[in-house]
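Undergrad: What follows is a single structure, and I will ask about it in a moment.
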Amino acid sequence: MGGLVLCAKPDEAELWVNYAKACGREKSVVLFRPDTGTRFNFLEYEMTVGSGGVNNVVELLLKVIEMSKRQLMGSNENQFWDDAIRELLRNTLNPLFHAYGRIDLDQVMQMINSGPRSAMEYSDPIWKQHSFCAQTLEKLATNPAHQMDSRSMWVIRNYWENVFGPADTKTRENIRISFTSKMALLFTGQEHELLCTSTNVVPEMTHEGAIWIIDMPAQIWSDVGILIQKICKYMWQRATQRRPKTGKERPVFLWCDEAHVFVDEYDEDFQSMARSSSVCSVYLSQGIDGYIKKIGGSNAREICDSLLGHFQTKIFHSNSSSSTNEWAAELIGKSIQVRRGVNYGENEGYSESHSRGRSVNEQDQRASFWGRGNRSKNKDRGSQVGSSYSESMNEALEYEIEPGAFGRDLASGGPHHSFMVDGIFYQTGTMFRSVKKNWLKTRFPQRI
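Okay, so the sequence shown: first residue is 3 according to the numbering used here, each after it adds one.
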């Protein structure tokens with residue numbers, strides 16, 4: 003089994019090399035980084051596969067621009083600029099390929115940067131003498147490597163003379179800079195060597211068992227490392243989808259730790275068909291918020307839900323993210339829960355009362371006599387003891403695992419938990435016999 007490994011952390015590549023050694027697969031490892039001599043000219047590679055030719059390369063470069071934009075801004079929703087850049091690239095890549103027989107990113111930049119700044123400049127002899135754009139158009143007309151039909155040639159010349167040149171200065175520069183600024187990450191020494199010179203590794207080698215590790219960890223290489231890994235992932239995904247479905251193809255894997263760093267919109271499309279391409283994808287992340295942020299745009303949550311919905315197996319560990327825990331609780335779902343209630347009470351009372359009375363009647367007459375009177379005395383006591391007990395059983399539709407349990411009840415490893423980690427193992431369409439549910443609380447050793 004071969005596959006692609008993306009690296010966010012500095013020790014990720016070494017970890018995978020050790021895995022390969024332990025399994026006797028060390029010779030299957032291909033480390034992709036500047037000092038290993040590995041190279042992948044993704045533009046030239048794209049020209050050799052499929053049937054789209056230059057149009058495929060146009061869409062590929064637009065995809066790279068989109069990746070770069072999302073890293074910087076989180077979203078890309080301006081269709082006007084997308085269409086304008088697409089038109090610019092079509093009228094740049096087609097003449098370059100037909101004039102020189104290949105597409106080189108350096109030449110793409112040269113042609114765009116040397117394009118006419120006005121309709122008058124397009125006819126200026128000095129511009130024609132010094133502009134790489136003018137020289138390319140001349141070679142296309144007089145000595146091309148691949149002949150172009152007259153209609154296509156007219157469309158290209160018309161673009162540079164009557165569209166790009168006369169365009170409002172601000173609009174034209176925005177279009178130009180929208181491309182050149184986003185591609186600038188690939189024009190420094192090591193990055194340019196890796197992706198824009200020659201090719202000695204291709205995605206298809208993983209289909210024969212190679213383990214392609216992009217050893218440019220995001221924590222060291224920052225934005226350029228992330229962009230290069232995204233490009234390699236995208237090219238690998240398309241190559242894997244493109245391979246013939248014979249029923250005998252070798253399974254492959256895609257491993258992304260801190261996957262939110264590398265995610266983009268195409269992942270959702272790829273994962274929707276990954277099973278039919280014999281792909282096992284493993285994405286690890288701290289929570290869903292990272293995915294939503296990196297995907298960006300007004301529908302980022304919907305794309306995230308759709309992407310994660312394609313993963314049939316999910317494992318949830320201890321987490322303090324309320325949004326992630328609520329999402330997990332909703333995923334696992336609700337069921338009828340039986341609640342037993344008990345009420346018990348005791349009461350005790352005591353009372354005591356006393357009363358005493360006396361009355362005297364006297365009369366003064368000529369003959370004296372004893373007075374008459376009454377006396378009384380009363381005393382009352384009482385006590386009372388009582389108790390009550392009741393028991394009830396109620397049914398309610400409640401979460402099978404309430405959100406707070408993910409942060410409260412799961413062991414998170416380390417010495418305090420004897421290096422054991424709890425996880426909720428969820429699998430679509432599976433019924434675990436021990437619990438008769440499609441989820442199971444289990445425990446993993448942190449040290450292997």
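Think of the CB as a built atom: it goes at the ideal place given N, C-alpha and C, for glycine as much as any other residue.
Please return the same chain residues whose Cβ sits closer than 7 Å to the Cβ of K235, not counting the five positions on each side in sequence.
TA: L6, L8 and F264
Undergrad: Helix, strand or coil for M185, going by three-state DSSP, please let me know.
TA: helix
Undergrad: Distance, Cα to Cα, S70 vs C306?
TA: 19 Å
Undergrad: Go ahead and pull the three-state DSSP assignment for Q109.
TA: helix
Undergrad: Please go through the segment 286-332 and give each complete alpha helix (DSSP H) segment of 4 or more residues, from N-terminal end onward.
TA: 290-297 and 302-311
Undergrad: Should Q231 be labelled buried (16 or more other beta-carbon atoms within 10 Å of its own) or exposed?
TA: buried
Undergrad: Taking buried to mean at least 16 other C-beta atoms within 10 Å of its own C-beta, is P405 buried or exposed?
TA: buried
Undergrad: Cα separation between S88 and V110?
TA: Strictly speaking, residue 88 in this sequence is Arg, with Ser absent from that position. Cα-Cα distance, rounded: 13 Å.
Undergrad: Taking just the CA atoms, how far does A143 sit from F166?
TA: 19 Å
Undergrad: Of the choices L64, G249, E68 and G211, whose alpha-carbon is the least far from that of D266?
TA: E68
Undergrad: Decide yes or no for the touch test of the segment 195-210 against the segment 236-246: beta carbon pairs closer than 8 Å, at least 3 of them.
TA: Enough Cβ pairs lie closer than 8 Å, so yes.
Undergrad: What span of residues does the beta strand (DSSP E) with G55 cover, start to end?
TA: Taken as a continuous stretch (DSSP letters only), G55 belongs to no beta strand (DSSP E), as it is neither H nor E.
Undergrad: Determine the extent of the alpha helix (DSSP H) in which P127 is found, giving its start and end residues.
TA: P127 to H132
Undergrad: So within the segment 246-271, which uninterrupted beta strand (DSSP E) runs reach at least 3 residues, ignoring any that extend past its ends?
TA: 254-258
Undergrad: For Q273, count the other beta carbons within 10 Å of its own beta carbon; 16 or more makes it buried, fewer makes it exposed. Which is it?
TA: buried
Undergrad: How is T432 classed by DSSP in three states: helix, strand or coil?
TA: The answer is coil: DSSP assigns T432 none of H, G, I, E or B.
Undergrad: Alpha carbon to alpha carbon, how far is M3 from N58? Give it in angstroms, no decimals.
TA: 29 Å
Undergrad: Could you spell out where the beta strand (DSSP E) holding W223 opens and where it closes?
TA: Looking at the DSSP string, W223 is not in any beta strand (DSSP E); the run it does join, the alpha helix (DSSP H), is A220 to R244.
Undergrad: Whole angstroms is fine: what's the gap from G55's alpha carbon to L188's?
TA: Using only the alpha carbons, I get a separation of about 22 Å.
Undergrad: Once DSSP output is grouped into helix, strand and coil, what is the label at S370?
TA: In this prediction, S370 scores a pLDDT of 43, lower than 50, which makes its location untrustworthy; the coordinate-derived value is nonetheless stated afterwards. Coil, per DSSP.
Undergrad: Taking Cβ to Cβ, would you say T315 is nearer than 8 Å to G289?
TA: no
Undergrad: Quick one: is W329 buried, meaning 16 or more other Cβ sit within 10 Å of its Cβ, or exposed?
TA: buried
Undergrad: Should D225 be labelled buried (16 or more other beta-carbon atoms within 10 Å of its own) or exposed?
TA: exposed
Undergrad: When you compare the CB positions of G425 and F446, do they come within less than 8 Å of one another, or not?
TA: yes
Undergrad: Expressed to the nearest angstrom, what Euclidean distance is found between the alpha-carbon atoms of P246 and S323?
TA: 42 Å
Undergrad: Report yes if the CB atom of M113 is closer than 8 Å to the CB atom of F99, and no otherwise.
TA: no
Undergrad: Measure the beta-carbon distance from L107 to C198 and round it to whole angstroms, keeping in mind my assumption that it falls under 8 Å.
TA: The C-beta distance from L107 to C198 rounds to 5 Å, short enough to fall under 8 Å.
Undergrad: According to DSSP, what are the bridge partners of A398?
TA: Q339
Undergrad: Please classify F99: does DSSP put it in a helix, a strand, or coil?
TA: helix
Undergrad: Using 8 Å as the threshold, is the C-beta distance between D259 and E14 below it?
TA: Yes, the Cβ-Cβ distance between D259 and E14 is below 8 Å.
Undergrad: Does DSSP put E210 in a helix, a strand or coil?
TA: helix
Undergrad: Would you kindly work out how many angstroms separate the C-alpha atoms of Q448 and Y21, rounded to a whole number?
TA: 16 Å
Undergrad: So the candidates are S320, A398, N301 and A331; which of them puts its Cα closest to the Cα of V340?
TA: Out of S320, A398, N301 and A331, the CA that lies nearest to the CA of V340 is found in A398.
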